[in-house]
Amino acid sequence: MTRHLLLAIALMLLSTQPALAEPLAETQRETVADSLEHPWSLAFLPDGRTLITERAGRLRVIEDGELLQDPVAGVPETYVRNQGGLFEVLAHPDWEDNGWIYISFAHGDDRANTTRVVRGRLDGHRLIDVEPVFTATPTRDTPVHFGGRMAFLPDNTLLIGLGDGFDYREDAQRLDSHTGTVVRITDDGDIPGDNPFADAPDALPEIFSYGHRNVQGIVHDREQDVIWSHEHGPRGGDELNRLSPGSNYGWPVATHGRDYSGARITPHRSLPGKEDPLHVWTPAIAPAGMSQYRGDLFPELAGDLLIAGLVARSVVRVHLDGTTVADTSRLFDDLDRRVRDVRVGPEGALYLLTDHADGELIRITPAGD
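Note that the numbering used here has the sequence shown beginning at 1129, numbered continuously upward.
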């Protein structure tokens, strides 16, 4: 084989390899707020305010750079136990016109609890016009695996990720239960007519996808028109998925994880008719909030998925080559704190919430910015 032919083959192989991530530039950090009790989610409002949920049931406001002492009044009563509590806060895409914010939380009591989503409007420091838009069925008696992450799609329909309640994992394969599903509703809680099971007689019409364990991150990639989601595996087997309507993602009949006892849950990692994950983390990273970087301050992160890691105690960077996972790495692992959420601010900075009784909101910008 000639030298020129070898060179041509080498160049061809290089050209088909996914591009690796460009290293992140040196950064600097600022603590915007502290003494937050297990903060779970944050949202930036167009008027400059920042909203933060605390799992204990409080909605907090940062205004003019300061965390207001009193929580927002009028937030619905939350079931707070174990993993249950106040979850995501999300502003409507047309917030400047309608003022709606959406909140997901654990609802009920020890004997019967579930995931609920309400919407309301901020009137000063009070939530008003509060109305439920979704309540998952059936209820369960376990205080874990509620899901709770949400994302709006370009048509203003709302995706809500749900969990399997831990003891009810087999129900994730059923279409007459919201257990272990992602649901899609209109912004006022109705059923979109183009949902995959809207006309199926034996299925709940809100279901968008199913076979999930505990969905903890959803992002719509506007440039690729792709919905990314991730979910906790059991002992290992955390998954990054590309969501498509009507698809079954396998749990618990196909998984890369094992039970916490070490026992095998299923002999199958993949099955016909089930969607395989795009990426699997074993050991587990315990993925939490997820964002996609679209900003100016960190051009090297452009298009990357950023995942808050609880067990990873860092931000997990997923570098994409189109819709392919090209590379993964960890950012800010020197924090050595459980990270519950990561968001991209309107100015392009990164904002992290640490999941502790004395949790913090940390702003990250390029060094010298």
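Glycine included, C-beta positions come from ideal geometry on N, C-alpha and C.
Here the structure is a predicted model, which means the values were calculated and not measured.
- Going by beta carbons, Gly1417 and Val1470 fall inside the 7 Å limit.
- For Leu1399 against Gly1378, the beta-carbon gap comes to about 6 Å, under 8 Å, which counts as contact.
- By the Cβ-count criterion, Pro1415 is buried, with 16 or more other Cβ atoms from all chains shown falling within 10 Å of its own Cβ.
- Fully enclosed beta strand (DSSP E) runs of no fewer than 3 residues occupy 1366–1371, 1407–1409, 1415–1420 and 1433–1437 of the segment 1355–1439, in order along the chain.
- Residues Ala1412, Ile1413 and Ala1414 of the same chain have their beta carbon placed closer than 7 Å to that of Val1439, with the five preceding and five following residues left out of the count.
- Secondary structure of Arg1297 (DSSP, three-state): helix.
- Here Glu1191 is bridged, per DSSP, to Glu1194.
- Within a 10 Å sphere around the beta-carbon of Tyr1207 sit 16 or more other beta-carbons, which makes this residue buried.
- Under the three-state reduction of DSSP, Glu1224 is assigned to helix.
- A check of alpha carbon separations from Asp1225 across Ala1240, Arg1249, Arg1209 and Val1217 identifies Arg1249 as the nearest.
- The count of Cβ pairs closer than 8 Å, one atom from the segment 1322–1340 and one from the segment 1297–1314, reaches three, so the stretches are in contact.
- Per the C-alpha coordinates, the member of Thr1242, Pro1329 and Ile1313 positioned closest to Asn1323 is Ile1313.
- The beta carbons of Leu1478 and Ile1492 sit about 4 Å from each other, so the pair counts as a contact at 8 Å.
- With three or more CB-CB distances shorter than 8 Å, the segment 1267–1276 counts as touching the segment 1286–1296.
- Lys1402 and Ala1382 do touch by the CB rule: their CB atoms are close to 5 Å apart, below 8 Å.
- Taking the CA atoms as reference points, Arg1183 sits about 15 Å from Asp1237.
- Taking 3 residues as the shortest admissible run, the segment 1247–1321 contains the following complete beta strand (DSSP E) segments, listed from N- to C-terminal end: 1254–1263, 1278–1280, 1286–1289 and 1309–1313.
- In the DSSP assignment, the residues bridged to Gln1156 are Thr1493.
- For Leu1459, the three-state secondary structure derived from DSSP is strand.
- Here the C-alpha atom of Asp1162 lies approximately 6 Å from the C-alpha atom of Gly1487.
- Taking the CA atoms as reference points, Arg1188 sits about 16 Å from Asp1175.
- Comparing C-alpha distances from Pro1329 to each of Asp1349, Asp1304 and Asp1318 shows the shortest one belongs to Asp1304.
- Residue state for Asp1175 is assigned as coil, using DSSP reduced to three classes.
- Shown here, His1447 sits in a strand according to DSSP, grouped into three states.
- Taking the CA atoms as reference points, Arg1244 sits about 6 Å from Ala1234.
- When the alpha-carbon of Phe1215 is set against those of Ile1435, Pro1362, Ser1419 and Val1246, the nearest one is in Val1246.
- Arg1157 places its beta carbon 7 Å or farther from that of Gly1202.
- Here the alpha carbon of Val1343 sits roughly 11 Å from the alpha carbon of Trp1356.
- Under a 10 Å Cβ-count criterion, Ile1256 is classified as exposed, with fewer than 16 other Cβ atoms of the shown protein chains found around its own Cβ.
- As the crow flies, the alpha-carbon of Leu1218 is around 24 Å from that of Asp1366.
- Annotation: Leu1425 to Leu1463 spans about 21 Å, alpha carbon to alpha carbon.
- Residue state for Tyr1207 is assigned as coil, using DSSP reduced to three classes.
- Note on geometry: alpha-carbon atoms of Trp1228 and His1220 lie some 6 Å from one another.
- Rounded to the nearest whole angstrom, the CA to CA distance from Asp1198 to Ile1490 is 20 Å.
- By the neighbour-count definition (other C-beta atoms within 10 Å, threshold 16), Gly1496 is an exposed residue.
- Contact annotation: Asp1327 and Pro1362 have beta-carbon atoms that are not nearer than 7 Å.
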